[in-house]
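Residue numbers (this note's numbering), protein chains in the order written: chain P, 5 to 111; chain G, 21 to 640. The block underneath contains the structure these notes are about, expressed in structure tokens.
In structure tokens, the structure reads:
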């Protein structure tokens, strides 16, 4: 079981957390919805839930509920720039295909 | 690929826009109405000049009824027509009522909820509650000199959907617009301003006249979630009165005291009990029948030893609630004291000792629930704006619907704050499909069979189209009281169907917790089941499409192609029976390859059909 962040992603997350003023880390999850099966979500975490699994990578704590973990175990979170747009990207080894919009994926 | 941004946990919605509003604590023993005046919440007086109105209704043969202190004082005269503690019967069937032991009422079995036969006719608990609410509404309107735009009414956290719906129905009968039903412990927490605190988990210890409730609430960004509730429906302040009265009877040899003397003893016991919250010793006189006067006194230490077993009985549900919430004492940030019986000093010290936390007890424990409801009503009425808007409740389990293959598509995820509305588009599975069954389910698991079925309805008269062409918008709506309605509309023709979900019974917190736990422990198996069900659905969709194409355009096929496709269809059908998604996917692959040239020829045919007879100019 592992969830990791690239150094670049971790730096950005730390910045966001500092600006926000509170929060203990990030929550990664999947929603079983969207055009090609599932969709990722990233949220700030103020309090972990009892059922959460937690990971730490480059100084950032990541919480994942066991239900989502089966879909995203092994994922590396990266921060990328594409033209003017920048944001986070899931490098999920379990991901088989994504839909055109990139919001959904399949395992 | 779209890039993601980090979201805040939770969202907000717009409030109603109203003005004069009250909070109503519709209690088992007493009811109160409160409002916010000049920014301060206060309880309104009733016509007797009291803040508490006993929740007692007496019916008379001429159809009249009385509510409050008078019928309570006279209940011994006409027990069968004087309805006491009607809240216990709300949304309850005959079997539930039987648990309360012998009651002086003539119950009539009715679908959904018992009714009570009185001299004024058969009354349902909703009718009786409505009489209480009517009186409270009049108090409120008189005290505020204006018509109420609405009220927030509190209900116990453990009330299920049927009991909540019954409470709303009673309010409607009483002419009250319900802004929201609010959980009692949540209301108490609001009265203490805990909703302004950042985060934390709180215990609400509610020892009323006849019932004890303990609730564990988690506050996250202004939203309270009830983690666990427990209690004892036969433990309250009245039991302490009984213990004192029994002690005096033993002490003064009043073994055969009659009903009226018993009542006098209890009233004296109650007065002494209340005195002992501020003094070390209390004394009073009881004027018994036959002109005898009994002088009684009680010291605080003696009172405590007489009733310590009752105090101990509150701690067991507290421990159970903590265990259900999977929390330890250290996780509790504060304890809110609710109910007049929490004034007793030994109750306070026992709770204080158990939690090792300072108690929140400086708001009058009789009024705290009504005050919290008033604060909430004020906000919902639109008298406060912007950031003060509170979002207090969340749905405990996800809501969704059944899709092909017995899978659940979640439309509203669990812990969404309510009110909430979400819509999603679906489509038809078969060519020419004219109806679609919408099966509404609740739960966290991936397969319909592992979730709880809430309702089922059919959208008919969908115009015949090829599979996948219809656009069916299914909208879920959960109002502020947790009532669910679902509608489905075919967007091309506009045909529509909808349903209100009023489950006949609710889920207890323990059931919700076990359903959640199951979704975690079965996560792996559920994921596999989903992959398999999706593969099977893909397979049958492909078989359907290929078979249809062969029926429509058989002349485009060579014998070899026809055989290959038919074989592919049969093979895929066989593989779909087995539980191996990889094999199904491979068979889908093979059939797709076999149909490639057929598909190309069909494409050519339809293109040439579209072009035939048209000049180049027309096509430009």
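C-beta atoms are modelled at their ideal positions from N, C-alpha and C, and glycine is treated no differently. Being a predicted model, the structure only gives us computed values, none of them experimental.
For residue 60 of chain P, the enclosing beta strand (DSSP E) stretches over residues 57 to 61. Assigned with DSSP and collapsed to three states, residue 486 of chain G falls in coil, not helix or strand. Taken in chain order, the unbroken stretches of beta strand (DSSP E) that lie wholly in the region 319 to 367 of chain G and span 3 residues or more are 352 to 358. Taking 8 Å as the CB threshold, residue 601 of chain G stays off the interface with chain P. Any Cβ of chain G closer than 8 Å to the Cβ of residue 54 of chain P would place that residue at the interface, and such an atom is present. Neighbourhood of residue 26 of chain G in chain P, by CB distance below 8 Å: 17, 20, 30, 46, 47, 48 and 92, in chain order. Residue environment: residue 79 of chain G is assigned as buried (16 or more neighbouring CB atoms within 10 Å of its CB, all protein chains considered). Around residue 581 of chain G, no beta-carbon contact reaches into chain P at under 9 Å, the shortest distance being about 28 Å. Residue contact with chain G for residue 51 of chain P: present (Cβ-Cβ distance below 8 Å to some residue of chain G). Taking C-beta atoms as the reference points, residue 387 of chain G and residue 52 of chain G count as a pair closer than 8 Å. Within the DSSP bridge table, the entry for residue 609 of chain G names no partner. The region 539 to 556 of chain G and the region 415 to 431 of chain G touch, with three or more beta-carbon pairs separated by less than 8 Å. For residue 26 of chain P, there is no enclosing beta strand (DSSP E), as DSSP gives it neither H nor E. Residue range 70 to 76 is occupied by the alpha helix (DSSP H) that includes residue 73 of chain P. One thing to note: residue 264 of chain G has its Cβ no nearer than 8 Å to the Cβ of residue 223 of chain G. Among the CB atoms of chain G, none fall inside 8 Å of the CB of residue 97 of chain P. In this structure, the alpha-carbon of residue 365 of chain G lies about 6 Å from that of residue 297 of chain G. A Cβ-Cβ distance of about 4 Å is found for the pair residue 149 of chain G and residue 190 of chain G, placing them in contact under the 8 Å criterion. In its chain, beyond the 5 residues on either side, no residue has a beta carbon closer than 6 Å to the beta carbon of residue 19 of chain P. Bounds of the alpha helix (DSSP H) holding residue 560 of chain G are 543 to 572. Under a criterion of Cβ atoms nearer than 9 Å, the residues of chain P adjacent to residue 540 of chain G are, in order, 55, 69, 70 and 71.
Residue 455 of chain G sits in coil when the DSSP states are folded into three classes, being neither helix nor strand. Neighbours of residue 219 of chain G in chain P, taken as residues whose beta carbon is under 7 Å from its own, are 50 and 51 in chain order. Using a Cβ distance threshold of 8 Å, residue 209 of chain G and residue 392 of chain G count as a contacting pair.
Proximity of chain G to residue 35 of chain P at the Cβ level (cut-off 8 Å) is accounted for by 430 and 433, in chain order. A Cβ-Cβ contact shorter than 8 Å links residue 234 of chain G with residue 251 of chain G. Think of a sphere of 9 Å around the beta carbon of residue 64 of chain P: no beta carbon from chain G falls inside it, the nearest being about 11 Å out. For residue 67 of chain G, the three-state secondary structure derived from DSSP is coil.
Within the region 180 to 209 of chain G, the complete beta strand (DSSP E) runs of at least 3 residues fall at 198 to 203. The region 441 to 449 of chain G makes contact with the region 488 to 502 of chain G: 3 or more CB pairs, one atom from each, lie closer than 8 Å. In the three-state reduction of the DSSP assignment, residue 80 of chain P falls in the strand class. Between residue 44 of chain G and residue 390 of chain G, the C-beta gap is smaller than 8 Å, which places the two residues in contact.
Among the residues of chain P, none has a CB under 8 Å from the CB of residue 559 of chain G; the nearest is roughly 15 Å distant.
Contact with chain P is found for residue 544 of chain G, since one of that chain's Cβ atoms lies less than 8 Å from the residue's Cβ.
Secondary-structure assignment with DSSP links residue 50 of chain G through a beta bridge to G/74. Chain P has no Cβ within less than 8 Å of the Cβ of residue 190 of chain G.
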